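**Student:**
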Amino acid sequence: MSSSLKVALIGNPNTGKTSIFNALTGLRQKVGNYPGITVEKKTGSCSLGPNLSATIYDLPGTYSLNTTSLDESVAVEILLNRRDPDFPDVVVVIADVENLKRNLLLFTQIKDLGLRTVLVVNMSDRMKRLGIEIDVPVLEAELDTRIALLSSRNDTGIEDLKAILSNYQSISETPSLNITKVDKAYFENLKTAFPKIDAYKLWLAITQDVNFMPIEKKVIPDRSAFSTKSKVELQKMQHRETVLRYKKINDALNVGYQKDLSKADGIQGVLDRIFTHKIFGYLIFFVILFTMFQAIFDFSSYPMDAIDNFFASTSEWIKATLPSGVLTDLLAEGVIAGIGGVVIFIPQIAFLFLFISILEESGYMSRVVFLMDRIMKPFGLSGKSVVPLISGMACAIPAVMATRTIENWKERLITIMVVPFTTCSARLPVYLIIIALVIPEGRFLGLGYQALVLTGLYLLGFLAAIVAAAILNRGLNIERRSFFMIEMPTFKPPQFRNVVFTVFEKTKSFVLEAGKIILALSVVIWFLGSNGSSDSFKNAETEVIQQIKQQGLNLSDEELLQKVSSYKLEHSYIGTLGKFIEPVVKPLGYDWKIGIAVITSFAAREVFVGTLATIYSVGEESQSTIIDRMSLETDEFGRPIFNLASGVSILLFYAFAMQCMSTLAVVRKETNSWKWPMIQLFFMTLLAYLSAFIAYQILI
Amino acid sequence: MANLLDLKIGQKAIISDCIDEKLPVKLMELGCLPGNEVQLLQIAPLNDPLYYLVAGNRIAIRRNMASLIYLDLE
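Going down the list, the protein sequences come from chains A and B.
Taking my numbering, I'd label the letters of the first sequence as residues 12 to 711.
Taking my numbering, I'd label the letters of the second sequence as residues 170 to 243.
1. Taking any Cβ of chain B, which residues in the region 238 to 271 of chain A have a Cβ under 8 Å from it, in chain order?
2. For residue 632 of chain A, I'd like the list of residues in its chain whose CB is within less than 6 Å of its CB, leaving aside the five on either flank, ordered along the chain.
3. Assuming residue 405 of chain A is part of the alpha helix (DSSP H), what are its boundary residues?
4. Mapping the DSSP letters down to three states, classify residue 171 of chain B as helix, strand or coil.
5. Does any residue of chain A have a CB that is nearer than 7 Å to the CB of residue 194 of chain B?
6. So what's residue 715 of chain A in DSSP terms, helix, strand or just coil?
7. Exposed or buried, which one is residue 418 of chain A when buried takes at least 16 other CB atoms within 10 Å?
8. Label residue 186 of chain A either buried or exposed according to how many other C-beta atoms from any shown protein chain fall within 10 Å of its C-beta, with 16 as the threshold for buried.
9. Indicate the three-state DSSP secondary structure (helix, strand or coil) for residue 497 of chain A in the structure shown.
10. Could you check whether the Cβ of residue 77 of chain A sits closer than 7 Å to any Cβ belonging to chain B?
11. If we define contact as Cβ-Cβ less than 7 Å, is residue 498 of chain A a contact residue for chain C?
12. Please state whether the Cβ-Cβ distance between residue 1 of chain A and residue 504 of chain A is less than 7 Å.
13. What's the gap between the Cα of residue 387 of chain A and the Cα of residue 396 of chain A?
14. In the DSSP assignment, find the unbroken beta strand (DSSP E) run with residue 228 of chain B in it and report its ends.
15. Which residues share a DSSP beta bridge with residue 518 of chain A?
16. Is residue 229 of chain A helix, strand or coil by DSSP?
17. Helix, strand or coil, according to DSSP, for residue 653 of chain A in the structure here?
18. Output needed for residue 240 of chain B: all residues of its chain with C-beta closer than 8 Å, excluding positions within five of it in sequence on either side, in chain order.
19. Using the rule of at least 16 other Cβ atoms within 10 Å of the residue's Cβ for burial, across every protein chain shown, is residue 203 of chain A buried or exposed?
20. Ordered along the chain, which non-local residues of its own chain (more than five positions away) have a Cβ less than 6 Å from that of residue 604 of chain A?
21. Which of the three DSSP states, helix, strand or coil, is assigned to residue 205 of chain A?
22. Under the three-state reduction of DSSP, which class applies to residue 208 of chain B: helix, strand or coil?
23. Consult DSSP for residue 240 of chain A and reduce its assignment to one of helix, strand or coil.
24. Using a threshold of 7 Å, state whether the C-beta atoms of residue 359 of chain A and residue 436 of chain A are closer than that.
25. For residue 433 of chain A, is the classification buried or exposed, using 16 other Cβ atoms within 10 angstroms of its Cβ as the cut-off for buried?
26. Taking C-alpha atoms, which residue in A:600, A:457 and A:249 lies nearest to residue 660 of chain A?
27. Does the structure place the region 372 to 385 of chain A close enough to the region 534 to 549 of chain A that three or more beta carbon pairs sit under 8 Å?
28. Residues of the region 194 to 226 of chain B in Cβ contact with chain A at a cutoff of 7 Å, in chain order, please.
29. CB residue 441 of chain A to CB residue 655 of chain A, shorter than 7 Å?
30. Just the Cα atoms here: how many angstroms apart are residue 121 of chain A and residue 596 of chain A?
31. Tell me which same chain residues have a C-beta within less than 6 Å of the C-beta of residue 60 of chain A, skipping the five on either side of it?
32. If you follow the alpha helix (DSSP H) that residue 340 of chain A is part of, which residue opens it and which one closes it?
33. Can the beta-carbon of residue 364 of chain A be found closer than 7 Å to that of residue 480 of chain A?
34. Could you check whether the region 207 to 225 of chain B touches the region 282 to 296 of chain A, counting it as contact only if at least three pairs of C-beta atoms, one from each stretch, sit closer than 8 Å?
35. Please say whether residue 30 of chain A and residue 163 of chain A have beta carbons closer to each other than 7 Å?
36. Can you determine whether any heavy atom of the ligand ZN sits closer than 6 Å to the C-beta of residue 672 of chain A, and answer yes or no?
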């Protein structure tokens with residue numbers, strides 16, 4: 012019988028932990044969340060031999076067991092709690108060869124928890140160039156562990172690691188530092204007060220430095236019971252602890268590690284001087300941003316058109332091939348239209364994550380944070396807010412999660428609050444379709460009006476975010492330690508496999524998460540649009556024929572059919588609902604159909620186009636595109652519904668409104684309160700309504 | 170006493186003292202400890218934050234934190 016081993020991977024950020032996880036597990040991965048919080052939980056399986064397999068846990072990156080972020084505290088909690096179902100049999104500490112000393116600090120801390128601890132020295136392909144030599148057997152003896160030299164870039168050493176893991180019983184569990192050495196008297200007192208708890212674990216609980224959330228997670232009993240020392244005294248003890256750890260590490264490295272200092276990497280300094288230069292630094296950043304946009308809008312338009320056509324013809328094919336009936340209609344008008352509305356986003360989301368992951372992998376993103384910090388500060392934001400604000404252009408959900416790296420709670424909260432203003436890709440289909448309908452195709456100074464309007468909307472979103480941040484910064488009275496620190500990793504070419512994995516994973520989770528909502532709503536809307544309880548709905552055909560006779564019109568069969576179907580829609584459930592809310596949306600220039608689309612898109616903005624597509628295709632025989640059908644819509648006076656005034660009003664409404672349930676849910680999780688998402692919902696919607704109202708009333 | 174703000178770009182010094190409630194443990198674990206060498210690598214536009222090489226680690230911190238780390242200037 013084969014048994015399964017639980018192996019946790021842990022390591023400093025930027026050590027290539029994820030590459031090793033990918034190499035061990037291939038595509039046999041699962042990404043979920045830790046219960047109650049949105050920290051990503053990645054697990055995968057790996058075969059270690061004929062009778063032994065392992066479940067690999069990729070724990071969030073951490074510098075030490077003294078956590079400063081939510082991600083990090085998850086890792087620590089799992090390692091502290093023996094009863095946790097994810098408690099590992101073996102811990103693999105991943106270190107990179109260049110920062111071995113600092114990485115070993117975490118190694119000694121984990122070893123002190125009494126766990127079987129293995130060391131992986133990653134990026135060993137760089138050793139030669141950096142002039143580093145490691146004597147593995149000597150270092151293994153000094154650190155009392157097993158070591159695998161590994162290069163995830165060249166795919167070497169993975170088998171060595173597997174061999175060490177399959178022989179896990181022989182790995183030492185002895186702690187590396189005796190914590191009581193830091194302050195004998197203090198730890199003896201602790202021992203008398205809590206005889207059953209391990210001294211090091213107690214010490215960790217006492218000194219946790221969580222500045223990250225307004226609430227602190229309780230790991231171990233009331234801390235007041237052992238606060239016999241002041242904060243500064245505790246800090247001095249931590250100093251002593253760290254010094255002792257580094258002394259031990261230095262002793263080990265002195266015999267097992269050699270570095271030829273003449274081979275210093277001079278190129279890093281040059282790159283840093285260019286990328287953080289007062290002028291060139293910003294120039295490069297803006298060129299990169301511009302290229303990114305170019306790629307997202309221009310390049311992705313081709314696959315998007317192809318996807319659009321594919322779904323239109325699939326829907327047509329289904330109608331033509333399958334026997335007509337309710338199920339065929341549901342499939343063609345509800346399900347296919349719904350799926351198409353999700354799949355169309357894939358190219359853009361993929362491009363955006365491609366860029367973001369390349370920028371992060373290469374180490375460039377930290378330089379952007381460094382360049383932007385001082386500029387963002389007056390708005391109550393941090394340099395680290397730049398990454399969420401850029402990610403927000405793909406989707407606010409990962410963007411809100413990306414704020415976790417911001418140490419200061421106030422800066423983090425403000426970033427979370429304003430991220431939904433940035434123009435996410437869900438707004439794009441709404442913008443594109445409305446711009447195509449109401450903005451003329453002309454050019455101004457060689458730039459197309461339509462492109463200018465689109466760019467303007469992006470700027471508007473960013474401006475709204477900045478202004479909102481400045482207002483919140485003045486209004487929010489939160490006293491927090493100002494704390495900002497970022498590691499500047501060395502520049503390195505991004506690893507192809509990691510980039511591909513990130514793009515694949517993020518795109519997949521977007522499609523699945525957003526897809527569920529959109530698909531479900533599309534089906535519901537289709538149902539509500541093709542059913543009704545009123546007599547007018549049931550007797551649509553006779554009533555329409557009667558009307559036509561009264562008016563003395565002579566219509567072709569096709570025109571008659573169209574009249575009947577729109578009459579049916581008007582008296583269906585959705586039509587009744589739309590008529591009911593019409594007075595609210597009328598001042599913004601919307602008819603009841605747009606009103607329905609606005610309401611349904613409170614679940615997710617991209618539903619707007621899907622809803623209109625579904626509303627207009629219910630009972631529709633001809634396969635003209637949505638834009639054509641929308642441009643033919645008229646009000647009772649024969650004027651087009653989608654005119655400049657109502658179009659601008661829709662654009663402004665979508666620029667500001669908080670229409671995304673998933674974002675509200677993730678904000679609730681990240682801030683641990685309903686207060687903040689509710690504030691977002693109320694104020695953003697109010698702003699949206701007022702600006703749309705003013706714009707329509709001025710332009711009409 | 171001199172602190173991290175007194176360094177010029179490229180200049181090196183030895184840390185003498187860095188005990189303050191406002192300093193996170195994380196900084197210390199990245200090598201910000203008495204006796205370790207520190208070098209100023211870059212200053213961001215508008216003079217904040219500052220980019221240091223501390224005991225082989227490259228980190229950037231804001232001025233308010235840098236002013237709490239004291240130095241023995243050579």
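Ideal placement from N, C-alpha and C gives every residue a C-beta, glycine not left out.
Note that the structure is a prediction, hence the values are computed from the model and not measured.
**Tutor:** Taking the geometry as given:
1. 242, 243, 246, 247, 249, 250, 253, 254 and 257
2. Here the model assigns residue 632 of chain A a pLDDT of 49, short of 50, so the residue's position is not dependable, and the following value carries that caveat. Answer for residue 632 of chain A: no residue qualifies.
3. Element bounds for residue 405 of chain A: n/a, residue is neither H nor E.
4. coil
5. yes
6. It is not possible to answer for residue 715 of chain A, since the shown part of chain A is limited to 12 through 711.
7. buried
8. buried
9. strand
10. yes
11. No chain C appears in this structure, whose protein chains are A and B.
12. The structure shown does not extend to residue 1 of chain A, since chain A is modelled only from 12 through 711, so no value can be given for it.
13. 8 Å
14. 226 to 230
15. Paired residues: none, contrary to the question.
16. Summary for residue 229 of chain A: the model assigns pLDDT 43, below 50, so the residue's position carries little reliability, and this model does not support an answer.
17. coil
18. 170, 171, 172, 173, 175, 176, 182, 183, 184, 185 and 207
19. exposed
20. 626
21. coil
22. strand
23. coil
24. yes
25. buried
26. A:600
27. no
28. 194, 195, 196, 197, 198, 199, 200, 202, 210, 211, 213, 214, 215, 217, 218, 220, 225 and 226
29. no
30. 60 Å
31. 177
32. 337 to 340
33. no
34. yes
35. yes
36. Of ligands this structure carries none, so the ligand ZN is not represented either.
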